[in-house]
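Under the numbering used here, the residues of the sequence shown are numbered 2 to 288, in order.
Ideal Cβ placement from N, Cα and C applies to all residues, glycine included.
In what follows, a single structure is set out as structure tokens and then discussed.
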Amino acid sequence: MQNDCVQPFLFEHLDIRGALVTLDKSWLALTGKRDYPVDVVRILGEMSAVTTLISANLKQPGRMTFQLRGDGAINLLVLDCDEQLQLRGMARWNPETLVQGAALRQLLGDGQLLLSLDAVAMRQPYQSFVPLQGDSVAAIFEHYLTLSEQQPTHLALAANSQRAVGLLVQKMPDADLRDADGWNRIQHLLGTLSADEQLAQTPLDLLRRLFPEEEVRVFSPRQVSHHCPEDWEKIHAMLRSLGREECEAILRDKGEIHVRDDICNFDYLIKAGELDGIFAAPAHLLH
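Written out as structure tokens, the structure reads:
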């Protein structure tokens, strides 16, 4: 079984492309020690799957970030992934207003989807805001992809506490010339897929089951990993930007400096005796 990978494929005679993603260890690492409620797990998992699928198309070093913000009980979901398919993410919710089993729009409320793309070759990050249109994570991202890429897109997403999966197909410009009914046929077959079936099967078995009469070419899978290591240098740089005087004021008031990294689920604690090392001038090399 191929775990934690993106499996690209192509309908050989239809000019329709697609990809499947299966997140296992990476999904468990992303949600570990978070204690997310069931609905948060499902929505965050579906966003993790689609973020990975879209990021698999990055052609140069960079990082793609999706933020889904709303005024509902689940008020923030953040997922980002780089060109090496290193994924990280988090969700924020209000336990007092979260109603288990509620519809997606009730859980999210009014809000928007924000895309940020930060690539090495870009002078500054690109950002795009999209209103939340659709009653599922798949529908919201189908709307976004159809607008941004001008290509009809169909998504099937599913997630539970153990696995997050996704399937994406896109209609290419010459699809109707190849087979006038091809796109409708593929969408109809995808409509027969249940979330339980999608979660239970391997990517190749799923393709065989869904499209037994179609000629499907599969390409080499690409591995996905959860990558969110501790980064003390980033924390030290942030403290230096605050300035020593401000850091000492926090230490006098609190006794320690506490920095919370929500997306990676780390807490950084800095004691008074550590400031000298953080603010020490870098040594100059003698030539």
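Work out the CA separation of D72 and T203 for me, nearest whole Å.
36 Å
Stretch pair the segment 45-52 + the segment 158-174: three plus CB contacts closer than 8 Å:
yes
Note the first and the last residue of the continuous beta strand (DSSP E) segment covering C6.
6-12
Where Q101 and A140 are concerned, what is the direct C-alpha to C-alpha distance, given to the nearest angstrom?
21 Å
Cα-Cα separation, L287 to A92
Any reading at L287 must be qualified, since the residue scores a pLDDT of 43, below 50, and its modelled position is unreliable; the value itself is stated next. Going by the C-alpha atoms only, they are around 49 Å apart.
Within 10 angstroms of the Cβ of K172, are there 16 or more other Cβ atoms? Answer buried if so, exposed if not.
buried
Using the Cβ count rule (16 or more neighbours within 10 Å means buried), how would you classify R89?
buried
Where the alpha helix (DSSP H) through I55 begins and ends:
39-56
With a floor of 3 residues, list each beta strand (DSSP E) that falls wholly inside the segment 93-176, ordered by position along the chain.
112-120, 127-132, 154-160, 165-172
So, helix, strand or coil for C82, using DSSP?
strand
Ordered along the chain, which non-local residues of its own chain (more than five positions away) have a Cβ less than 7 Å from that of A30?
H227
Where D268 and D232 are concerned, what is the direct C-alpha to C-alpha distance, given to the nearest angstrom?
11 Å
Based on the DSSP secondary-structure assignment, which residues constitute the bridge partners of D206?
DSSP lists no partner for D206.
Give every residue of the same chain whose Cβ lies closer than 8 Å to the Cβ of P38, excluding the five residues on either side of it in the sequence, and list them in chain order.
W94, P96, L99, Q101
Buried or exposed, going by whether 16 or more other CB atoms sit within 10 Å of the CB of L178?
exposed
Quick one, are the C-beta atoms of V260 and I279 less than 7 Å apart?
no
Between the segment 192-209 and the segment 48-57, do three or more beta carbon pairs fall short of 8 Å?
no
Taking the continuous alpha helix (DSSP H) assigned at D254, which residues delimit it?
245-255
Would you decide whether R124 is buried or exposed? Buried here means 16 or more other CB atoms lie within 10 Å of its CB.
exposed
According to DSSP, is L77 part of a helix, a strand, or is it coil?
strand
Determine the DSSP secondary structure at R241, reduced to helix, strand or coil.
helix
Per DSSP, what kind of secondary structure is A20 in: helix, strand or coil?
strand
Counting C-beta neighbours from all protein chains within 10 Å, is the total for P222 16 or more, i.e. buried, or is it exposed?
buried
What is the DSSP secondary structure of H189, reduced to helix, strand or coil?
helix
Residue range of the unbroken alpha helix (DSSP H) whose run includes G274
No alpha helix (DSSP H) contains G274, which DSSP labels as neither H nor E.
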